[in-house]
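Student:
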Amino acid sequence: MKEEHKHIKAKKYGMVIDLDKCTGCGACMVACMAENNVPFKEDETDKLLSITWLRIYKLTNGKPFPETDICYLPRPCMHCEGQHGHAPCVSVCPATVTDYDMETGIVSQIYTRCFGCRYCMAACPYHARYFNWWDPVWPEGMEKYLNPNVSPRMRGVVEKCSFCFPRYQVAKDKAMAEGRREVEEHEYQTACTQACPAGAITFGDLNNPKHAVYKLKMSPNAFRLLERLGTNPKVYYISSREWVRRSGDNYLANEVKIKKL
Amino acid sequence: MSKLDDKKTDQKGQEDGVRGFIILFFIIGLFASLIVGWMIFPSLLYSKKKQPIDFNHVLHVEAVDQGCESCHYIREDGSFSGVPKLAQCVDCHEEVQGEDPEEAKFVNEYVAEGKEVPWLVYSRQPDCVFFSHVTHTKMAEMDCATCHGAIGESEHSKIYEQNRISGYSRDIWGKNIAGFKKNTWDRMKMDDCSECHVKNHVRQASVQTKKGGCFVCHK
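So the sequence lines, in the order shown, correspond to chains A and B. The first sequence: position 186 = 185 (numbering that gives the first Met the number 0), numbered continuously. The second sequence: position 162 = 161 (numbering that gives the first Met the number 0), numbered continuously.
(1) Do His92 of chain B and Val106 of chain B have their C-beta atoms within less than 8 Å of each other?
(2) Per DSSP, which residues does Lys47 of chain B bridge with? Please list them.
(3) Tell me whether the beta-carbon of Cys88 of chain A lies closer than 8 Å to the beta-carbon of Cys123 of chain A.
(4) Should the segment 134-145 of chain A be called in touch with the segment 41-60 of chain B, which here means at least 3 C-beta pairs below 8 Å?
(5) Which stretch, first to last residue, makes up the alpha helix (DSSP H) that contains Ser69 of chain B?
(6) In chain A, which residues lie with their C-beta within 9 Å of the C-beta of Glu75 of chain B?
(7) Any chance you could list the alpha helix (DSSP H) runs of at least 4 consecutive residues sitting entirely within the segment 170-196 of chain A, in chain order?
(8) For a contact defined as C-beta to C-beta under 8 Å, what are the partners of Phe164 of chain A on chain B?
(9) Our contact map puts Lys20 of chain A next to Gly198 of chain A with C-beta atoms below 8 Å; I'd like the distance itself, whole angstroms only.
(10) Residues of chain A with a CB under 8 Å from the CB of Met138 of chain B: which are they?
(11) Can you name the start and end residues of the alpha helix (DSSP H) that Met32 of chain A belongs to?
(12) With 9 Å as the limit, tell me which residues of the segment 46-80 of chain B have their beta carbon closer than that to any beta carbon of chain A; keep them in chain order.
(13) Check whether chain A comes within 8 Å of Asp15 of chain B, counting only Cβ atoms and requiring the distance to be less than that.
(14) Sorted by chain position, which residues of the same chain lie with C-beta nearer than 8 Å to His135 of chain B's C-beta, five sequence neighbours on each side aside?
(15) So, are the CB atoms of Glu162 of chain B and Trp172 of chain B less than 8 Å apart?
(16) For His92 of chain B, which residues does DSSP report across the bridge?
(17) Between which two residues does the beta strand (DSSP E) holding Val234 of chain A run?
(18) If we call anything under 8 Å between Cβ atoms a contact, is Ser239 of chain A one with Asn220 of chain A?
(19) Compare the C-beta of Tyr99 of chain A with all C-beta atoms of chain B and state if any pair is closer than 8 Å.
(20) Should the segment 153-170 of chain A be called in touch with the segment 182-200 of chain A, which here means at least 3 C-beta pairs below 8 Å?
(21) Would you say His85 of chain A reaches chain B, if we count a Cβ-Cβ gap shorter than 8 Å as a contact?
(22) Under 9 Å, CB to CB, which of the residues in the segment 123-134 of chain B have a partner in chain A?
(23) Helix, strand or coil for Arg169 of chain B per DSSP?
(24) Would Asn131 of chain A pass as an interface residue toward chain B - the criterion being a Cβ-Cβ separation below 8 Å?
(25) Considering only C-alpha positions, which residue in the set A:Val15, A:Cys27, A:Met14, A:Gly23 is nearest to His195 of chain A?
(26) Quick one, which residues of the segment 189-212 of chain B are near chain A if we go by CB-CB under 7 Å, in chain order?
(27) Would you verify that the beta carbon of Tyr110 of chain A is, or is not, closer than 8 Å to some beta carbon of chain B?
(28) Quick check on Cys70 of chain A: does DSSP put it in helix, strand or coil?
(29) Suppose only complete runs of 3+ residues qualify. What are the beta strand (DSSP E) ranges in the segment 92-127 of chain A, listed by chain order?
(30) Given Ile109 of chain A, which residues of its chain have a CB within under 6 Å of its CB, disregarding the five upstream and five downstream residues?
(31) Just to confirm my understanding: we take Arg152 of chain A, look at its own chain, exclude 5 residues before and 5 after, and list those with CB closer than 6 Å. What are they?
(32) At a Cβ cut of 8 Å, what residues of the segment 64-93 of chain A count as close to chain B, listed as they run along the chain?
(33) If distances are taken between C-alpha atoms only, which option among A:Ile200, A:Val255, A:Pro147, A:Lys40 comes closest to Gly25 of chain A?
(34) What are the boundary residues of the alpha helix (DSSP H) that includes Tyr213 of chain A?
(35) Quick one: measure Cβ to Cβ for Gly84 of chain A and Val206 of chain B, integer angstroms, because I've assumed they're closer than 8 Å.
(36) Assess, as a yes-or-no matter, whether the segment 51-70 of chain A is touched by the segment 17-32 of chain B under the definition of 3 or more beta carbon pairs within less than 8 Å.
Set out below in C-alpha cells:
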C-alpha cells in the first residue's frame with residue numbers, strides 16, 4: 000500500500016506567463032478577486048493597504064522616446080519550492096499556517112491558524128502576501144456573489160494566492176464521482192488563466208510532459224523572478240526582450256547575464 | 000508539671016480539630032469545583048435546540064430502496080447534496096399521508112407555504128474546512144456510520160446542542176468533556192480527521208509537519 004503511493008509521481012503545479020502577450024488589461028486581477036473573495040475597501044487609493052493576490056506591475060526600460068518600451072508583469076504567489084519545499088515563508092512561519100505540499104507543489108495558507116505576526120510577509124521577496132488590517136465588509140447584496148468554495152478571511156491574518164486551490168478540490172470531487180483519481184489539465188485551471196483575453200497565462204503540472212507548461216518553461220526566453228535568491232519559484236515568465244528578462248533579477252551594471260543556475 | 004502537660008494536650012487537641020476542619024473544607028471545595036467543572040459548566044456551555052420537525056429516520060429508510068443515498072446523495076459534479084431541500088420532500092409529502100402530528104406540521108407550515116425547513120445540521124463544519132463525501136464514501140468505501148453514527152436508526156431527532164462560544168455543534172466538539180472517545184463518530188474535530196489520515200497514509204506530503212498537507216482538508 001505504502002509502496003504503491005510512492006510510485007505516483009508528485010505533481011508540481013506552476014504557471015508560465017508570456018509577457019509579450021500581456022497587455023496589462025487587469026482582467027486577471029479582477030477574476031482573481033472575484034474568485035477568491037478578496038476584500039476591498041470603499042477607499043482604495045492607498046495601494047499599500049490594498050489586497051491583491053495577483054498584481055500587475057509596469058516595467059519600463061528607462062530609455063527616452065524613440066527606444067522607450069514598457070512591459071506589464073502579472074505577479075501571483077510564486078509558490079516557491081526552495082530546497083525540498085522550504086519556501087522563504089514556510090521556513091519562518093511559527094504557527095504552521097503556511098505549508099508546502101509535496102504532492103501538488105502548492106504553498107498553502109490556513110487563515111484560521113494565522114495570528115498575524117507577518118514574518119512571512121517580511122520573508123517573501125515577491126510581496127505576494129497581504130495583511131488584513133480590517134474585517135472584510137461587502138457592499139449590500141454583494142455577499143451573494145461570494146464564492147462558497149473559498150473561505151473568507153478575518154481581520155489580523157495574512158492571505159495570498161493559492162493557485163485557486165479550491166478549484167482543484169472541486170475538480171477532484173468531479174473526477175472521483177466519475178471514478179477517476181487524477182484531474183485532467185483542463186479541469187483544473189486558475190481564474191486568472193481563464194480570464195486572460197490574450198491567453199498570456201498558462202497553468203498546469205510542470206512535471207507532466209503532456210501539460211502545456213512543461214514545454215513552455217523550457218523556452219530559451221523563459222526566466223523566473225529573483226532566481227538567484229534560490230527561492231526556486233514555480234511561476235515562469237517568457238519574454239523575447241532582453242531588457243525584460245534582465246529586469247527579472249538584480250544585476251550589476253557591467254555584468255553579463257548568467258544563463259540558468 | 001501535670002498542669003502544663005494538660006495544657007499542651009489541650010492545645011494539641013485544638014490544633015487537630017482545626018486541621019481536620021481545614022481538610023474537610025478542602026475536600027468539600029474540591030468536590031464542589033469538580034462538580035462545577037465537569038458537570039455544571041459543560042451543560043451551561045451548550046444551548047439546547049430542538050429541530051423544527053422531529054424527523055423519523057427509521058420510517059424513511061424503510062420506505063426507500065437505496066439507504067442513506069436515497070436522500071443524501073452525491074451529485075453528478077461530485078458535490079454532496081447534504082440535507083434534502085423541500086423540493087425533494089414534496090415528491091411524497093404534497094399532502095399529509097399519515098397520522099403523525101409532526102408530518103402534519105411539516106406539510107402545513109412548510110410545504111403549503113413553500114418554505115425551506117431550517118434544519119440544524121449536527122455535522123456542520125467551519126468555513127475553512129473542505130470535506131469531500133465522494134472521496135470517503137466512493138473511493139475509500141467508508142460507511143456513513145463511521146463518521147455519523149447510526150443516525151439512520153433514530154426514530155426521533157436528537158436535541159441539537161450548540162456551543163455558546165464557538166457556535167458549533169456538540170457533535171463536532173465531542174460529547175465527552177474530557178476528550179475521551181469511544182466511537183469513531185463521537186467527535187468531528189481536526190484531530191479525528193488526521194488520526195485516520197495518518198493511519199491510512201493519506202497524502203502525508205506536508206513539509207512542515209511531515210503529516211497531511213493542509214490543503215487536503217482546508218480551503
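Ideal Cβ placement from N, Cα and C applies to all residues, glycine included.
Tutor: In brief:
(1) In the second sequence, residue 92 of chain B corresponds to position 93, counting from 1. In the second sequence, residue 106 of chain B corresponds to position 107, counting from 1. Against a cut-off of 8 Å, the Cβ pair of Val106 of chain B and His92 of chain B comes out as a contact.
(2) Position 48 of the second sequence holds residue 47 of chain B. The partner list for Lys47 of chain B (beta bridge, DSSP) reads B:Glu160.
(3) Position 89 of the first sequence, counted from the first residue, corresponds to residue 88 of chain A. Position 124 of the first sequence, counted from the first residue, corresponds to residue 123 of chain A. Going by C-beta atoms, Cys88 of chain A is nearer than 8 Å to Cys123 of chain A.
(4) no
(5) By 1-based counting over the second sequence, the position of residue 69 of chain B is 70. That residue, Ser69 of chain B, is in no alpha helix (DSSP H); it is neither H nor E in DSSP.
(6) Against the second sequence, residue 75 of chain B aligns to sequence position 76. Within 9 Å Cβ-Cβ: Lys173, Ala176, Glu177.
(7) 190-194
(8) Mapped onto the first sequence, residue 164 of chain A falls at position 165. Within chain B, the residues near Phe164 of chain A are Phe214, Lys218.
(9) Residue 20 of chain A sits at position 21 when you count from the first residue of the first sequence. Residue 198 of chain A sits at position 199 when you count from the first residue of the first sequence. Confirmed, about 6 Å.
(10) As a first step, residue 138 of chain B must be located in the second sequence, where it is residue number 139. The answer, in chain order, is Met175, Arg180.
(11) Position 33 of the first sequence, counted from the first residue, corresponds to residue 32 of chain A. First-last of the alpha helix (DSSP H) with Met32 of chain A: 26-34.
(12) Ile73, Arg74, Glu75, Asp76, Gly77, Ser78, Phe79
(13) Along the second sequence, one-based indexing puts residue 15 of chain B at 16. Taking Cβ atoms only, chain A never reaches closer than 8 Å to Asp15 of chain B, which makes this a no.
(14) Along the second sequence, one-based indexing puts residue 135 of chain B at 136. For His135 of chain B, where only same-chain residues beyond five positions count, the Cβ hits under 8 Å are Met141, Cys146.
(15) Sequence index remark: in the second sequence, residue 162 of chain B carries index 163 (1-based). Sequence index remark: in the second sequence, residue 172 of chain B carries index 173 (1-based). In the sequence as presented, Glu is not what sits at residue 162 of chain B; that position holds Asn. Contact flag set, yes.
(16) As a working note, residue 92 of chain B is residue 93 in the second sequence. DSSP output for His92 of chain B lists no bridge partner at all.
(17) Looking up residue 234 of chain A in the first sequence gives position 235. Start and end: 234-237.
(18) Working through the first sequence from its first residue, we reach residue 239 of chain A at position 240. Working through the first sequence from its first residue, we reach residue 220 of chain A at position 221. Yes, they are a contact pair.
(19) One-based indexing of the first sequence puts residue 99 of chain A at position 100. Yes, contact with chain B.
(20) yes
(21) Residue numbering aside, residue 85 of chain A sits at position 86 when the first sequence is read from its first letter. Cβ-Cβ to chain B under 8 Å: yes for His85 of chain A.
(22) Pro125, Asp126, Cys127, Val128, Phe129, Ser131, His132, Val133, Thr134
(23) Start at 1 with the first residue of the second sequence, and residue 169 of chain B comes out as number 170. If DSSP states are grouped into helix, strand and coil, Arg169 of chain B belongs with the helices.
(24) For the purposes of this step, residue 131 of chain A is taken as the residue at position 132 of the first sequence. Taking Cβ atoms only, chain B never reaches closer than 8 Å to Asn131 of chain A, which makes this a no.
(25) In the first sequence, the residue the question calls residue 195 of chain A occupies position 196. One point to set straight first is that residue 195 of chain A is Cys, not His, in the sequence displayed. Of the candidates A:Val15, A:Cys27, A:Met14, A:Gly23, the one whose C-alpha sits nearest the C-alpha of Cys195 of chain A is A:Cys27.
(26) His200, Arg202, Ala204, Ser205, Val206, Gln207, Thr208, Gly212
(27) Taking the first residue of the first sequence as 1, we reach residue 110 of chain A at position 111. Yes, its Cβ sits closer than 8 Å to a Cβ of chain B.
(28) The residue you call residue 70 of chain A lines up with position 71 of the first sequence. Strand.
(29) 97-99, 106-108
(30) Taking the first sequence and counting its residues from 1, one reaches residue 109 of chain A at position 110. So the qualifying residues of the chain are Val96.
(31) Translated into the one-based positions of the first sequence, residue 152 of chain A becomes position 153. For Arg152 of chain A, where only same-chain residues beyond five positions count, the Cβ hits under 6 Å are Tyr110, Asn131, Glu158.
(32) His83, Gly84, His85, Val89, Cys92
(33) For the purposes of this step, residue 25 of chain A is taken as residue 26 along the first sequence, with counting starting at 1. The option with the nearest alpha carbon to Gly25 of chain A is A:Ile200.
(34) If you number the first sequence from 1, residue 213 of chain A lands on position 214. Counting along the chain, the alpha helix (DSSP H) containing Tyr213 of chain A begins and ends at 211-215.
(35) Counting from 1 along the first sequence, the entry for residue 84 of chain A is found at position 85. Counting from 1 along the second sequence, the entry for residue 206 of chain B is found at position 207. Contact flag correct, Cβ pair sits at about 4 Å.
(36) no
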